[in-house]
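Presented below is the structure to which this report refers.
Protein chains: 2
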Amino acid sequence: MFAVTILGNNSAIPTTERHPTAQVVTCNEQLLLIDCGEGTQVQMTRYKIRRSRVKHIFISHLHGDHYFGLIGLLNSLSLLGRTESLTIYATPELEAILQLQLECAATQLKFDLHFVPLRAENAGVIVDEKDLEVRFFPVRHRIPCFGFVIEQRRKKRKIIPEQAQAYEIPAAFYSQLQEGADYQRKDGVLVKNHWVTLPPAPSKKYVYCADTIYDEELIAQMEHADLVYHETTYLHGLAERAAERYHSTSVQAATLAARAGAKRLLIGHFSSKYTELQPFLDECRPVFENTELSVEGATFLI
Amino acid sequence: MFAVTILGNNSAIPTTERHPTAQVVTCNEQLLLIDCGEGTQVQMTRYKIRRSRVKHIFISHLHGDHYFGLIGLLNSLSLLGRTESLTIYATPELEAILQLQLECAATQLKFDLHFVPLRAENAGVIVDEKDLEVRFFPVRHRIPCFGFVIEQRRKKRKIIPEQAQAYEIPAAFYSQLQEGADYQRKDGVLVKNHWVTLPPAPSKKYVYCADTIYDEELIAQMEHADLVYHETTYLHGLAERAAERYHSTSVQAATLAARAGAKRLLIGHFSSKYTELQPFLDECRPVFENTELSVEGATFLI
Numbered sequence: 167m168f169a170v171t172i173l174g175n176n177s178a179i180p181t182t183e184r185h186p187t188a189q190v191v192t193c194n195e196q197l198l199l200i201d202c203g204e205g206t207q208v209q210m211t212r213y214k215i216r217r218s219r220v221k222h223i224f225i226s227h228l229h230g231d232h233y234f235g236l237i238g239l240l241n242s243l244s245l246l247g248r249t250e251s252l253t254i255y256a257t258p259e260l261e262a263i264l265q266l267q268l269e270c271a272a273t274q275l276k277f278d279l280h281f282v283p284l285r286a287e288n289a290g291v292i293v294d295e296k297d298l299e300v301r302f303f304p305v306r307h308r309i310p311c312f313g314f315v316i317e318q319r320r321k322k323r324k325i326i327p328e329q330a331q332a333y334e335i336p337a338a339f340y341s342q343l344q345e346g347a348d349y350q351r352k353d354g355v356l357v358k359n360h361w362v363t364l365p366p367a368p369s370k371k372y373v374y375c376a377d378t379i380y381d382e383e384l385i386a387q388m389e390h391a392d393l394v395y396h397e398t399t400y401l402h403g404l405a406e407r408a409a410e411r412y413h414s415t416s417v418q419a420a421t422l423a424a425r426a427g428a429k430r431l432l433i434g435h436f437s438s439k440y441t442e443l444q445p446f447l448d449e450c451r452p453v454f455e456n457t458e459l460s461v462e463g464a465t466f467l468i
Numbered sequence: 167m168f169a170v171t172i173l174g175n176n177s178a179i180p181t182t183e184r185h186p187t188a189q190v191v192t193c194n195e196q197l198l199l200i201d202c203g204e205g206t207q208v209q210m211t212r213y214k215i216r217r218s219r220v221k222h223i224f225i226s227h228l229h230g231d232h233y234f235g236l237i238g239l240l241n242s243l244s245l246l247g248r249t250e251s252l253t254i255y256a257t258p259e260l261e262a263i264l265q266l267q268l269e270c271a272a273t274q275l276k277f278d279l280h281f282v283p284l285r286a287e288n289a290g291v292i293v294d295e296k297d298l299e300v301r302f303f304p305v306r307h308r309i310p311c312f313g314f315v316i317e318q319r320r321k322k323r324k325i326i327p328e329q330a331q332a333y334e335i336p337a338a339f340y341s342q343l344q345e346g347a348d349y350q351r352k353d354g355v356l357v358k359n360h361w362v363t364l365p366p367a368p369s370k371k372y373v374y375c376a377d378t379i380y381d382e383e384l385i386a387q388m389e390h391a392d393l394v395y396h397e398t399t400y401l402h403g404l405a406e407r408a409a410e411r412y413h414s415t416s417v418q419a420a421t422l423a424a425r426a427g428a429k430r431l432l433i434g435h436f437s438s439k440y441t442e443l444q445p446f447l448d449e450c451r452p453v454f455e456n457t458e459l460s461v462e463g464a465t466f467l468i
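Sequence order for the protein chains is A and B.
What the first sequence shows, in this note's numbering, is residues 167 to 468, in sequence order.
What the second sequence shows, in this note's numbering, is residues 167 to 468, in sequence order.
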């Protein structure tokens with residue numbers, strides 16, 4: 167399972183209908199939280215996201231609509247008895263803010279909180295696990311801001327059962343076959359791994375572009391992604407305002423997705439001025455047909 | 167109009183049904199916000215509270231369920247174009263937290279933000295306006311914490327129309343009569359104010375006791391209040407746990423209200439462990455009949 171669930175799709179000012187930015191990526195058994203606007207913890211409850219399974223939290227930047235819900239979530243996790251450690255990836259200032267808030271409340275979290283500071287000059291891999299890799303990259307916004315590439319690694323080779331049986335390889339050796347090992351038979355025959363397996367399925371890739379001005383340098387990050395999330399704060403009629411505020415429009419997001427050869431585009435971070443979201447799709451689809459609205463509570467397979 | 171509207175009635179962990187502490191006091195044309203847990207700004211929208219009319223915000227203490235929604239509210243007020251100044255009354259550390267958050271976001275609020283630091287040794291009057299007085303007092307909690315006494319002053323004397331007409335006082339002079347002035351007639355007669363007016367109605371008093379352990383010293387603050395808000399985090403069976411955590415129970419709140427001769431008691435800050443609130447009323451009313459549950463969205467006249 168590799169999917170993303172939308173918890174908030176709105177830009178700065180929350181409404182009763184739309185919440186500020188937050189998404190949960192499910193990668194096999196693990197949950198990753200990307201951004202955490204005010205109200206995220208309640209949205210997690212509403213959409214039955216198991217908070218306890220989140221081990222990594224990525225904060226793109228320190229505008230409030232992307233992180234004001236984080237301290238409340240940490241607080242609640244502690245009150246609910248979490249003991250497993252949690253890692254936060256963000257610009258280093260976030261650590262100072264959280265520490266000050268915990269100190270003023272005389273709160274000692276019941277779990278270890280690790281911080282990985284994000285600085286543009288160190289862009290690259292930040293999570294490197296057996297079936298998961300996360301990289302970050304800088305994007306152009308009013309303050310330091312980062313996007314994330316999340317890859318579900320599929321390293322296991324695929325066994326061809328008829329072949330493995332034909333060579334009389336015992337089932338107990340199958341997991342080693344998946345890792346690429348050759349099999350030495352007792353009669354002296356060395357069964358080469360590629361005789362009995364196929365290469366792993368290609369990794370799947372989700373690219374989260376955070377808040378950004380229209381920037382063609384993003385194309386390199388988005389290339390061949392299975393799913394790209396790109397903000398569309400405004401409809402294209404407000405392209406000038408978007409640029410002034412370091413945000414993007416519908417048509418701009420769709421243009422980048424098309425040029426990058428992405429498979430699918432997810433748009434969000436809609437300005438509160440829009441009550442209807444359909445016009446965003448109507449503007450994107452002629453440019454990049456495979457566009458979806460990040461509707462709160464919806465889950466998109468990657 | 168002197169009333170309190172409940173925006174949040176829950177203790178630490180918010181749920182989809184109940185929000186952390188926040189209340190709005192309406193005093194004539196003015197709104198006062200008391201505490202501001204996560205999600206308060208959306209609750210204000212939901213219950214049609216005009217955020218622009220809030221000029222004073224009182225934060226009882228720096229546990230997150232009483233202030234995590236403040237930075238988001240300030241941010242939104244600024245984005246919505248507020249220019250009128252706003253005053254926050256809280257322990258001094260709050261100013262450092264908010265300044266750090268604004269700085270990291272490179273946000274310059276569009277309005278002046280004033281801070282009035284609350285320190286136990288200075289307990290007393292913090293707002294002194296024509297028709298409104300607010301005092302603060304320390305309460306006993308795990309960290310520095312304060313309660314507030316909000317008085318709607320009624321300084322205008324009440325004109326007795328028949329008397330004022332009998333003395334031939336022109337209507338244009340009525341507002342001066344309400345302020346207590348005598349009237350000098352052209353024929354030389356000095357009409358004494360008390361011949362034609364009655365004393366002002368007595369002030370009305372709302373006492374907000376914040377988060378507190380059972381503490382009989384609160385009785386002095388609550389005396390003869392028209393409405394007292396006292397937390398009841400737990401039902402009385404958990405009195406021991408309440409004391410350990412510097413919180414109170416249903417029966418304890420009711421006992422204090424009864425002993426103080428308060429007219430009405432409002433209870434809230436219910437632990438998330440309780441899904442039903444009726445048992446809180448059932449425990450309070452035998453001790454102090456005039457008890458009400460702080461139901462979200464409900465308005466109580468003071």
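Using N, Cα and C, we set each Cβ at its ideal position, and we do this for glycine too.
On a predicted model such as this, the values are computed, not experimentally measured, just so you know.
Beta-bridge pairing of residue 281/B - partner residues as DSSP gives them: According to DSSP, which records beta bridges pairwise, residue 281/B is partnered with 254/B.
Min CB distance residue 375/B to chain A below 9 Å: no
Endpoints, alpha helix (DSSP H) assigned at residue 448/B: In this chain, the alpha helix (DSSP H) harbouring residue 448/B covers 444 to 450.
Integer-rounded CB distance, given that residue 234/A should sit under 8 Å from residue 238/B: 5 Å
Stretch pair the segment 392 to 410 of chain B + the segment 346 to 366 of chain B: three plus CB contacts closer than 8 Å: no
Beta bridge counterpart(s) of residue 304/A as assigned by DSSP: 312/A
Proximal residues, the segment 232 to 248 of chain B versus chain A, C-beta separation under 8 Å: 234, 235, 237, 238, 241, 242, 245, 246
Neighbour list for residue 270/B in chain A, Cβ cutoff strictly below 8 Å: Here the neighbours are 228, 257, 259, 260, 263, 309.
Below-9 Å beta-carbon distance, residue 211/A vs any chain B residue: yes
C-alpha gap between residue 452/A and residue 433/A, whole angstroms: 14 Å
Alpha helix (DSSP H) runs wholly inside the segment 348 to 382 of chain A, at least 4 long, in chain order: 359 to 362
Residue span of the beta strand (DSSP E) that contains residue 293/B, given as start and end: 290 to 295
C-beta atoms of residue 471/A and residue 378/A nearer than 9 Å: The requested residue 471/A is not part of the displayed model; chain A covers only 167 to 468.
Nearest-angstrom Cα separation, counted from residue 426/A out to residue 382/A: 9 Å
Residues in the segment 189 to 214 of chain A having any Cβ partner in chain B nearer than 7 Å: 204, 205, 207, 208, 211, 212
Spatially closest choice to residue 246/B from 255/B, 229/B, 277/B, 268/B, by CA coordinates: 277/B
Residues bridged to residue 176/B (per DSSP): 186/B, 436/B
Buried or exposed (CB count within 10 angstroms, at least 16 for buried), residue 342/A: exposed
Cβ-based contacts, 9 Å cut-off: residues of the segment 168 to 179 of chain A near chain B: Correct list: 178, 179.
Alpha helix (DSSP H) segment containing residue 208/A, residue limits: 206 to 212
N-terminal and C-terminal residue of the alpha helix (DSSP H) that residue 260/A is part of: 259 to 270
Beta carbon proximity, residue 329/B to chain A, threshold 9 Å: No, because no Cβ of chain A sits closer than 9 Å to the Cβ of residue 329/B.
Interface flag, residue 274/A vs chain B, CB-CB below 9 Å: No, its Cβ sits nowhere closer than 9 Å to a Cβ of chain B.
Enclosing alpha helix (DSSP H) for residue 421/B [first to last residue]: 416 to 426
Residue 266/B at chain A interface by Cβ criterion, 9 Å: yes
Proximity test, Cβ basis, 9 Å: residue 181/A and chain B: yes
Residue 372/A and residue 392/A closer than 9 Å at C-beta: yes
Rounded C-alpha distance that separates residue 207/A from residue 346/B: 56 Å
Pair within 9 Å by beta-carbon distance, residue 175/A and residue 460/A: yes
Residues of its chain near residue 317/A, where Cβ-Cβ distance is below 6 Å and the 5 sequence neighbours each way are ignored: 299, 369, 371
Residue 410/A in three-state terms, based on DSSP: helix
Length of the line joining the Cα atoms of residue 331/A and residue 364/A: Cα to Cα, the separation comes out at about 15 Å.
Buried versus exposed, by CB contacts within 10 Å (16 or more), residue 273/A: buried
Enclosing beta strand (DSSP E) for residue 397/B [first to last residue]: 393 to 397
Range covered by the beta strand (DSSP E) that runs through residue 196/A: 196 to 202
For residue 466/A, the three-state DSSP class (helix, strand or coil): DSSP places residue 466/A in the strand class (E or B) of the three-state scheme.
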